[in-house]
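A short write-up of the structure that comes next.
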Amino acid sequence: MTLVVDASVALKWVLEEPDSHLAQALTEGEEEVLVPDFWLNEAANVCWLQVRKGKWSADEAREGLALLRALVPPTATSDLDLHDVALDIGLAVNHSTYDTLYVAFAVAMGARGVVAADGPFARDMGRHPDPALATMLIPLAEWGQGRGLA
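So in full-length UniProt numbering, spot 38 of the sequence shown is number 38, and the numbers just go up one at a time.
Next up, the structure:
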């Protein structure tokens with residue numbers, strides 16, 4: 001099975017945050033893990049922000065971004081029709097399309113779901129009128145509990 005990982009999880013691969021060990025376990029499991037190419041926009045910004053906050057040097061930011069890019073190579077999305085789907089999902093659950101793009105990507109890729117560490121996103125997606133989409137978001141902690149890791 002295939003899982004999509006959103007930025008809230010993928011960034012835990014290089015940041016010391018709660019449940020970073022679970023995010024790392026995703027890359028070591030049996031399931032294929034995908035990240036869309038647009039997630040690099042968020043990744044680059046977070047790496048820059050670590051420098052701005054004085055937590056990383058510029059070289060560490062560059063290394064972090066390179067590691068993120070290499071750990072799970074991003075999947076190109078330019079040939080996928082994601083924006084209309086993301087907008088419809090966002091409208092249905094009253095949530096930002098920056099997040100619902102990950103769900104649209106997961107649907108387009110035939111993935112089992114999107115693993116996220118974003119409580120409001122999970123809550124909002126759970127209200128989607130389509131049961132298949134309502135259960136598409138998998139909280140990272142829940143994913144870990146299902147594998148005895150949390």
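Backbone N, C-alpha and C define an ideal beta-carbon position, used for all residues, glycine too.
(message) The alpha helix (DSSP H) that contains E31, what's its start and end?
(response) In the sequence shown, counting from the first residue as 1, residue 31 sits at position 31. Segment: none, E31 is in no alpha helix (DSSP H) and carries neither H nor E.
(request) Sort F121, V46, E16 by Cα distance to I89 and report the nearest one. (result) Within the sequence shown, residue 89 is the residue found at index 89, counting from 1. For the residues F121, V46, E16, the minimum Cα distance to I89 belongs to F121.
(request) Please report how far the alpha carbon of V85 lies from the alpha carbon of L91, in whole angstroms. (result) Residue numbering aside, residue 85 sits at position 85 when the sequence shown is read from its first letter. Residue numbering aside, residue 91 sits at position 91 when the sequence shown is read from its first letter. Approximately 10 Å between the Cα atoms of the pair.
(message) For the beta strand (DSSP E) containing T2, name the first residue and the last one.
(response) Along the sequence shown, read from residue 1 onward, the residue named residue 2 stands at position 2. Start and end: 2 to 5.
(message) Taking the alpha helix (DSSP H) that L49 belongs to, which residues open and close that run?
(response) Reading the sequence shown from its first residue, position 49 is the one you call residue 49. Following the DSSP letters along the chain, one finds L49 inside the alpha helix (DSSP H) bounded by residues 39 to 52.
(message) Taking its Cβ as the centre, do 16 or more other Cβ atoms sit within 10 Å of D124, making it buried, or is it exposed?
(response) Stepping through the sequence shown from its first residue, residue 124 is reached at position 124. D124 comes out buried.
(request) Starting from A132, follow the beta strand (DSSP E) in both directions and report where the run begins and ends. (result) Residue mapping note: residue 132 aligns to position 132 of the sequence shown, counting from 1. Per DSSP, A132 belongs to no beta strand (DSSP E); it is in the alpha helix (DSSP H), 131 to 134.
(message) Please classify T100 as buried or exposed, where buried requires at least 16 other C-beta atoms within 10 Å of its C-beta.
(response) On the sequence shown, residue 100 is found 100 positions in, with the first residue counted as 1. Result: buried.
(request) Whole angstroms is fine: what's the gap from D6's alpha carbon to R69's? (result) As a first step, residue 6 must be located in the sequence shown, where it is residue number 6. As a first step, residue 69 must be located in the sequence shown, where it is residue number 69. Put simply, the backbone Cα of D6 is about 14 Å away from that of R69.
(request) Just the C-alpha distance for V114 and D59, rounded to the nearest angstrom, thanks. (result) The residue labelled residue 114 in the question sits at position 114 within the sequence shown. The residue labelled residue 59 in the question sits at position 59 within the sequence shown. Going by the C-alpha atoms only, they are around 31 Å apart.
(request) Measure the CB-CB distance between G29 and C47 and report whether it falls below 8 Å. (result) Residue 29 sits at position 29 when you count from the first residue of the sequence shown. Residue 47 sits at position 47 when you count from the first residue of the sequence shown. Not in contact: G29 and C47 (Cβ atoms no closer than 8 Å).
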